[in-house]
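Okay, so the sequence shown: first residue is -9 according to our numbering, each after it adds one. All C-beta atoms in this analysis are idealised placements derived from N, C-alpha and C, irrespective of residue type, glycine included.
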Amino acid sequence: MELLEQCQIWNENNEYQKIIDAIEALSAAERTPELDSELARAYNNLAQPGDKELFEKAIEILSPHAEYFQGDHCWNFRMAYAYYYLDQEGPALRYFEQALQARPGDEDTCELIDDCRRRLALPRFEENFRERTEKAWNAFLQIEAELRSIMDEDREHRRGEELIGKCDEALHLAFGNICFEMGFNGQKHELILSPEGDRVKLFELVYFQRHVPAAVLENWNVLVGRQPSRGFGLRSDDWEISGEDVRVWTEKLGDNSAGLTLYCEKLLPLLQKEENRAWWMLATLTDQILGEIPHMRIVDDFDVLESPREEPSILLSQLPEKLAELGFDLSTDPQAYLDSYISYQMQPDEDPEADWRMDVIAGSTCCPPLLNEYFSGESRAMDELHRDGTAAGFLCYPLDSFAGEDRSQKIFDFRDALESALMEKAGENACALLGGATGIYCGYVDFIAWDLPMVLNAAQEFLKSAELGWAGFHVFRRDVGTVTLVSRESGDQAD
């Protein structure tokens, strides 16, 4: 009997460990994609809700075979199943939908798709980001003395992996994905949290930094964003570069943005063999010389050349002075960067049945990526937030009750009052306001929620006293439903 057939018999008899033992005893050459798929199914079936490592193992086994199993029901269902029980309903939904395409009408898949959409429409986290933040800092506080001891004693940097592993374990209590660095500035140890150029992630990191315990700050500086370091050099395996090795051409793209074009002769062999790694080294070096927050604020276009331009250039080490001459703000304050808003205008869709926000005439936001993904039907940022116990969305309400010559002012005043109520009742500990918009039919208030129930309770309390026919909450996802907060017609309200 072939092993694949035997695995299917073991699966029918709930003998999942036998499947795991048999397949993992094979050499890599003997492992086929079909056997790996059975192995992943065994891990999924062996796991109980909460067995995070087993579900993650299933995803790790299945992921390399994505192309081989393209359009396959079982592979997509098994990927979705693992994500579903990891409480990552965003990717789970996408894989369940692909599984349904391969097997139209499958009842189990349809039920799980509906459940994913319900969970995404009104996220109910086992631990929200506010709670996860507190838990992570408490864990860090328990190990911070040990971390300092390792850093002080490890002069030859032989315990770097151990050091990062211990810190990573604590930070992962708050974050699904986290990039950080550790160091010592001569007076205090430093923990540097990097958003890796992601403005949405930056909101989480700033919140996390703001809640660092005082006891941690006695011995640590907790910083968000790589800090400027003029003499910094970067080494990756056998490749080493500094700001003196890179030539830069700058272009002012607008009042607040610039384009950078880089050329590094030392990295040309790497650029040809491992292009992504070469780009990463140059982007990281730019972060360190310019500072990560100024890099995010200023640089809208970043390119790497295989041959130099003829026009005059500067060294990367001279970039801060050059950008300062051009009038750019080099502040490393992440909160100041997040507090910068942009205004936008849209051509509104006059169809009253169109998706939320399609009727928008004008608005403002301090988090463009969330709006951009919403309008394009994408959800990468929302999936990352959801993984961390964070929700992002908007309150929506009708504008038909606002009338008179000063209608526009009344609409703005109402939105201001709603935002003030959220800050008064829920506060910065529960949410961050992102802006808002006015449409033909509806008004919108945008926010990120560290504790969604607190925010929705505050919103509902305010909206119940307003003269509105209805009001709702909708996450920044196009493919899920809306949560009713107030409905004068039916009297239904969210609990």
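Query, Result
"Cα-Cα separation, T99 to G459", "36 Å"
"Inter-residue Cα distance where the pair is E124 and L313", "39 Å"
"Candidates P203, P259 and A248: closest to E230 by CA position", "P259"
"Between the CA atoms of P284 and D245 - distance to the nearest angstrom", "14 Å"
"Assumed close pair C432, D339 - CB separation to whole angstroms, cut-off 8 Å", "Between D339 and C432 the Cβ distance is about 12 Å, and since that is not below 8 Å, they are no contact."
"Member of E241, I304, R237 and R267 whose CA lies at the smallest distance from the CA of L295", "R237"
"Cβ-Cβ distance between R216 and D291 below 7 Å", "no"
"Cβ-Cβ separation, E28 to L52 (assumed contact under 8 Å), whole Å", "11 Å between Cβ atoms; not a contact."
"Sequence-distant residues of its chain with Cβ nearer than 7 Å to V470 (five each side left out)", "R107, L110 and A111"
"Reference A30; option with closest CA among G429, A416 and F45", "F45"
"Beta carbon of A420 nearer than 7 Å to that of D406", "no"
"Residues of its chain near L423, where Cβ-Cβ distance is below 6 Å and the 5 sequence neighbours each way are ignored", "E409 and F437"
"Beta-carbon spacing of L161, A126 below 7 Å", "yes"
"Proximity below 7 Å, CB of K263 to CB of D235", "no"
"Stretch-stretch touch, CB-based, cutoff 8 Å, three pairs: the region 303 to 312 with the region 346 to 365", "no"
"Beta-carbon contacts of I103 that lie in its chain and below 6 Å, excluding the five residues immediately before and after", "F86"
"Where Q483 sits in the DSSP three-state scheme", "Here Q483 scores only 49 on pLDDT, less than 50, and its place in the model is too uncertain to base an answer on."
"Backbone CA spacing between G80 and G383 [nearest angstrom]", "15 Å"
"Same chain, Cβ closer than 8 Å to D329, neighbours up to 5 away in sequence not counted", "C356"
"Sheet register partners of S486 (DSSP bridge)", "Any question about residue 486 goes unanswered here, given that the chain covers just -9 to 485."
"Outcome for N118 when other beta-carbon atoms lying within 10 angstroms are tallied against a minimum of 16", "buried"
"Contact belief for H63 with A89 at Cβ below 8 Å, rounded distance in angstroms", "5 Å"
"Cβ distance (whole Å) where G353 is taken to contact G462 below 8 Å", "Their Cβ separation, rounded to whole angstroms, is 18 Å, which puts G353 and G462 out of contact at 8 Å."
"Reduced DSSP category for A205 - H, G, I as helix; E, B as strand; rest coil", "helix"
"N- and C-terminal bounds of the alpha helix (DSSP H) containing G80", "E79 to A92"
"Rounded C-alpha distance that separates G95 from R84", "16 Å"
"Through-space distance from D158 to D26, alpha-carbon basis", "29 Å"
"DSSP beta-bridge partners of R478", "In DSSP, R478 forms no bridge with anything."
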